[in-house]
Structures are given as C-alpha cells and as structure tokens.
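Asker: A single structure is presented below for examination.
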Amino acid sequence: MRTNTAPINREALLAEANNIIRQHEDYLHGMVATDVEQKSGVLVFRGEFFLDADGLPTAKTTAVFNMFKHLAHLLSEKYHLVD
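Oh and the sequence shown: position 6 is 6 in the UniProt record's numbering, straight run, nothing missing.
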C-alpha cells in the first residue's frame, strides 16, 4: 500500500470508476466495472468482457480491457482499498 494514496471503500471506488467509464469517449453500452481488488498496490477492475458464445474475445473485449487498464492507472495513483 502506498502512503500517498487516500483510503476508499469498494462501493465508493466502483461508483467513481463507473462514472469515469460513462463519461469516457470510448464508452460502450453495457460497459461497467462490477468488482475491484487490490494487488501489490494496483487496483484491478472486473466486469463484463463481451465474450462470444464460444468464450472468445470480441471487438468490445479489447475496449473493455483498455478501459479497465485506464482505470487501474488513473485510480491506483489516488486510492487504496480499505475493505
């Protein structure tokens, strides 16, 4: 845990992350972060990845991955989970 980040609970962090997602220019309908965990100081977001019927990635999968990566970079610098 970094000492220069603010504590935040999971619910508040997901609310902020989903607000960022909705306002982002690459937002796709249905794109949402449903869970987050912290691994070695990095916030890892999870949600629907829009896989096809065979469980393979689609074009939307890449967009979601990139969005979650963006959230990890942006929010890991600001927060650490407290719950």
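Glycine residues also receive a C-beta, built at the ideal position from the N, C-alpha and C atoms. Values in this document were obtained by computation on a predicted structure and should not be read as measured data.
Ordered along the chain, which non-local residues of its own chain (more than five positions away) have a Cβ less than 7 angstroms from that of residue 14?
Answerer: Mapped onto the sequence shown, residue 14 falls at position 14. Closer than 7 angstroms at Cβ, skipping near neighbours: 33 and 36.
Asker: Apart from the five residues on each side of it in sequence, which residues of its chain come closer than 6 angstroms, Cβ to Cβ, to residue 83?
Answerer: Your numbering for residue 83 matches position 83 in the sequence shown. Contacts found: 9 and 10.
Asker: What's the call for residue 51, buried or exposed, on a 16-neighbour Cβ count within 10 Å?
Answerer: Here residue 51 is taken as the residue at index 51 of the sequence shown, counted from 1. Exposed, because fewer than 16 other Cβ atoms sit within 10 Å of the Cβ of residue 51.
Asker: Per DSSP, which residues does residue 84 bridge with? Please list them.
Answerer: For residue 84 there is no data in the structure shown, the boundaries of the chain being 1 and 83.
Asker: Closest by CA to residue 75, which one among 49, 59, 63 and 42?
Answerer: The residue you call residue 75 lines up with position 75 of the sequence shown. Minimum Cα distance to residue 75 is reached at 42.
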